[in-house]
Structure formats: C-alpha cells, structure tokens
Amino acid sequence: MNAAAATPGVDRADDERFMALALALGRRGLGHAWPNPAVGAVLVRDDGAGRVILGRGWTQPGGRPHAETEALRHAGGAARGATLYVTLEPCSHHGKTPPCTDAIIAAGIARVVSALDDPNPLVAGEGHRRLRAQGIGVDVGVGAAEAHRAHAGHIRRMRDARPHVTLKLAVSADGKAGLAGRRPAAITGSEARNRVHLMRALHDAVLTGIGTAIADDPLLTCRLPGMGNRSPVRVVLDRGLRLPPDGRLAASARQVPLWLITAEAASAERRQALEAQGAEVFTVAMADEKLDLRAALQCLADRGITRLMVEAGPILSAGLVQADLVDEAVLFRSPRTIGADGIDALEGLPLTALTQSPRLAFTGKDIVDADTVELFERRREETV
C-alpha cells in the first residue's frame with residue numbers, strides 16, 4: 035500500500051523525499067546497530083509555509099536508542115500533530131527499552147509513514163495496528179524497495195535464522211585469486227582496497243577461513259582515517275583451532291572482537307590459549323568432514339549478527355556459492371595477470387558459477403582507479 039493511496043490529499047513526492055532522507059539517516063547505523071536493524075526516522079510538520087523537519091534520528095550503536103525515540107527527543111513538544119517517516123515498522127514490544135509505539139502515541143504524532151512491516155515475530159504488524167487503534171494515520175510501503183535492501187540483514191536473520199551474506203572476491207584479469215602454492219598476491223590497487231575497508235565498516239562481522247588467516251595473517255579491520263572504531267567483529271572458521279595465538283588476529287582480539295567457530299573435537303589446550311588472548315570460541319556441527327556452513331551462519335545470527343561480509347579463500351568462497359548462501363557479491367577485477375599456475379577464485383568451480391548464477395542478478399559496475407567492481411545481488415524472486 036502506498037502513501038498516496040492510503041491518505042487522500044497527501045503529496046506522494048513529499049512522502050518519497052522524506053522517506054529517502056530517513057533511509058539515508060538509517061545507513062549511518064549500518065555495521066554497528068546490531069543486533070537491531072539500522073533504522074532511520076524523520077519528523078515533519080506543515081507550519082503553513084511548507085513542511086519543516088522537526089527531528090531526525092537513526093539507530094544508535096548497539097541497537098539503542100531506536101531511531102524513532104531519537105527523532106522524538108530532538109523534536110520535543112513540537113512533535114505533536116507531526117508526521118513520522120520511519121524505514122521499518124515501529125516496535126510494539128517491551129525489550130531492553132519500552133515500545134516505540136508508546137512513545138509515538140504519547141508524543142501526539144498524527145501520521146506515521148512506514149516503509150515496511152517488521153518480520154520480527156514480536157512485531158509483525160502489531161506496531162502498525164496499535165498506532166491505527168489510537169487514531170494515528172498509518173501508510174505502509176513508501177520506499178519499500180530501498181528499505182528491503184537497507185534491512186536485508188534484519189529480514190534475513192528473522193526469516194532464515196542467518197545473516198545476509200556479502201561475498202567479496204578479488205580476481206586478476208585471468209581469473210586468479212592467488213599465486214601457485216596458495217600464496218597471497220596483491221591483486222587490486224589502493225583505491226579498491228580502501229573500498230574494501232569501507233565495506234567492512236558497513237557490516238556487523240567479516241568472515242574468513244583458517245587457510246586465509248594463516249597464509250595472509252590479516253587484521254580484517256577498517257583502517258580508513260577516522261573510522262577505526264567502525265571495525266566489524268572478525269570471525270574465523272577454524273575446525274582445528276590452528277589460528278596462531280601470536281598472529282595479528284589473535285594479538286588484536288582485545289581491541290577488536292575475534293570469534294572463532296570450531297568443531298567440538300578441537301583441542302581444549304589450543305582453545306584455552308586463544309581465549310587467553312581475548313578470542314571467543316563457539317562450536318558447531320560438522321558436515322562432510324567440514325564445519326557445517328549453515329550451522330556456522332546460524333551461530334552468528336544467534337549472537338546478533340545481521341550483515342556478514344566474507345573475505346575468504348577459494349575453498350570457503352566456493353562452499354558458500356555451492357550452498358546457495360551468497361546474497362550479494364562484490365567482484366573486484368584487476369587488469370593485472372597472474373598466470374596459468376595461479377589459483378582459481380572458486381575452488382573446483384568456474385567463476386561463472388557466481389557471475390552467471392541463476393540465483394544472482396548483475397546490478398552494476400563501478401570503475402575504481404585501474405580496477406573494475408562488479409555487483410551482484412540475489413534475484414527478487416529469491417529474496418526473503
């Protein structure tokens with residue numbers, strides 16, 4: 035249902051404009067609002083000379099305060115009779131904070147324009163119903179397509195009990211991801227690497243496999259100027275807990291969270307050594323002598339992760355593609371070549387298994403200095 039159809043006399047263009055602002059505000063919370071969705075909210079009132087913004091808000095770090103209460107706090111008493119634009123249905127249940135619907139009702143809001151119903155079973159339309167029961171006009175659907183993208187992690191976690199997965203790959207002009215012998219190679223340029231750092235900042239967690247962790251000894255943090263506090267949780271799939279306790283990941287575990295997902299049979303001594311460095315260790319089931327990828331993703335979702343970026347080697351990347359667990363892919367293509375003895379980007383699979391997957395649609399291409407970035411996302415009929 036769109037706003038124009040629901041409320042006679044309302045300017046649809048105005049509704050779309052203010053919802054676009056709410057969506058832009060909500061994106062400020064991406065990567066550090068988990069376990070809650072990164073919601074944006076805008077309060078607007080017509081003062082006779084035009085519509086005026088009274089307050090703006092977005093979900094704060096750790097998921098609270100919520101966007102709606104932030105916008106109401108900024109507006110104060112001026113909120114009475116105003117319209118609230120919000121990118122997701124206001125919550126109607128008591129959690130660690132009172133329901134946003136109660137605050138909206140108490141503030142005297144006249145109309146709520148909401149992009150989406152919340153799939154959280156604790157909400158699931160009840161927030162909208164409660165507002166309507168108090169005589170507040172509620173229009174749902176403005177900006178829905180963009181809101182689905184913004185809240186893809188929350189929706190996926192609620193409906194499929196796993197995070198929204200974005201696979202990042204860097205490949206040479208001849209389709210290779212590393213040197214012979216699984217040695218790492220610098221494939222893309224500095225501008226492309228900066229974009230990767232920004233991607234990390236916009237995700238709750240970044241996942242890699244133990245092979246990449248040992249070969250590359252990465253940090254997996256966001257190291258853009260002024261954004262050091264936006265680093266995601268680092269997650270390593272490590273069946274045998276082989277991660278070196280003196281490597282860069284473990285050595286920085288007290289500064290940036292490090293989670294290890296392992297098997298029940300992993301060494302208790304190695305677990306103790308890694309936990310002593312500050313890492314958290316979780317166990318999941320095995321499948322075909324490997325860690326069960328679906329179980330690993332559910333483990334992350336159970337701990338609040340909604341948006342997961344994957345920076346892994348060919349084995350884990352191929353495993354996610356084969357298991358149909360990739361929701362978005364960002365493919366960095368370099369003009370450099372590695373040679374026929376280099377390793378393929380997807381173990382045992384052609385790169386076309388990703389780029390021509392019937393599950394994923396090509397959505398665009400960017401040029402980043404000398405490199406090209408190709409974007410893919412799960413087709414609409416395949417989305418939640």
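Take the sequence shown: its position 34, counted from the start at 1, is 68 in the numbering used here, and no numbers get skipped. Even for Gly, the Cβ is constructed at its ideal location relative to N, Cα and C.
Taking the Cα positions, L236 is about 11 Å away from A184.
Contact between the region 326-339 and the region 187-207 is present: three or more C-beta pairs spanning the two stretches fall below 8 Å. Counting only residues of its own chain and dropping the five nearest sequence neighbours on each side, D403 has a CB closer than 8 Å to the CB of G223, S224, E225 and A226. In this model, A287 and P133 are separated by some 35 Å (Cα to Cα). By the C-beta density criterion, T103 is buried, having at least 16 other C-beta atoms within 10 angstroms. In the structure shown, G243 adopts extended strand secondary structure according to DSSP, grouped into three states. Restricting attention to beta strand (DSSP E) runs no shorter than 3 residues, the region 228-272 encloses them at 239-243 and 267-271, ordered along the chain. Annotation note: the region 340-375 contains the following uninterrupted alpha helix (DSSP H) runs of length 4 or greater, listed N- to C-terminal: 348-356.
Straight-line spacing of the CA atoms in L88 and R79 works out to 7 Å. Relative to the Cα of R191, the nearest Cα in the group V172, S368, G338 and I170 belongs to G338. Taking each of G97, E381 and G169 in turn and checking the Cα distance to A140, the smallest one comes out for G169. Under a 10 Å Cβ-count criterion, S301 is classified as exposed, with fewer than 16 other Cβ atoms of the shown protein chains found around its own Cβ.
In the three-state reduction of the DSSP assignment, H108 falls in the helix class, which pools H, G and I. For G177, the closest of D49, L118 and E362 by C-alpha to C-alpha distance is D49. Restricted to the region 129-215, the alpha helix (DSSP H) segments that are unbroken, complete and at least 4 residues in length are 134-141, 160-167, 178-184 and 186-194, listed in chain order.
According to the DSSP secondary-structure assignment, M320 is paired through a beta bridge with L325.
When secondary structure is reduced to three states using DSSP, G96 falls in the helix class. Fewer than three beta-carbon pairs drawn from the region 363-374 and the region 269-287 are found closer than 8 Å, and the two stretches are therefore not classed as touching.
When the five nearest sequence neighbours on each side are left out, the beta carbons in the same chain lying within less than 6 Å of the beta carbon of H108 are those of G89, in order along the chain. Secondary structure of G74 (DSSP, three-state): strand. When the Cα atoms are used, K210 and E345 turn out to be separated by approximately 15 Å. A residue is called buried once 16 or more other Cβ atoms fall within 10 Å of its Cβ, and I401, having fewer, is exposed.
In this model, P279 and G212 are separated by some 25 Å (Cα to Cα). In this chain, the beta strand (DSSP E) harbouring D400 covers L394 to V402.
Sorting D375, R328 and G382 by C-alpha distance to the C-alpha of I349 places G382 at the top.
Annotated as distal: G142 and R163, with beta-carbon spacing of 8 Å or more.
Shortest Cα-Cα distance from A167 to any of D136, P153 and M320 involves D136.
With respect to the C-alpha of A214, the residue from M53, T371 and P155 having the closest C-alpha is T371. For G171, the closest alpha carbon among the candidates N154, I189, V147 and A321 is that of V147. Its chain contains R367 and K399 as the residues whose beta carbon lies nearer than 7 Å to that of T406, once the 5 sequence neighbours on both sides are disregarded; these appear in chain order.
Here G223 carries a coil assignment [DSSP, helix/strand/coil]. At least 8 Å separates the beta-carbon of L253 from that of L275. Beta-bridge partners of W68 (DSSP): none assigned. Per DSSP, E408 is one residue of the beta strand (DSSP E) stretching across D405 to R412. The continuous beta strand (DSSP E) containing L292 extends over residues L292 to T296. Your pair A101 and G111 does not check out as a contact, with CB atoms roughly 20 Å apart and the cut at 8 Å.
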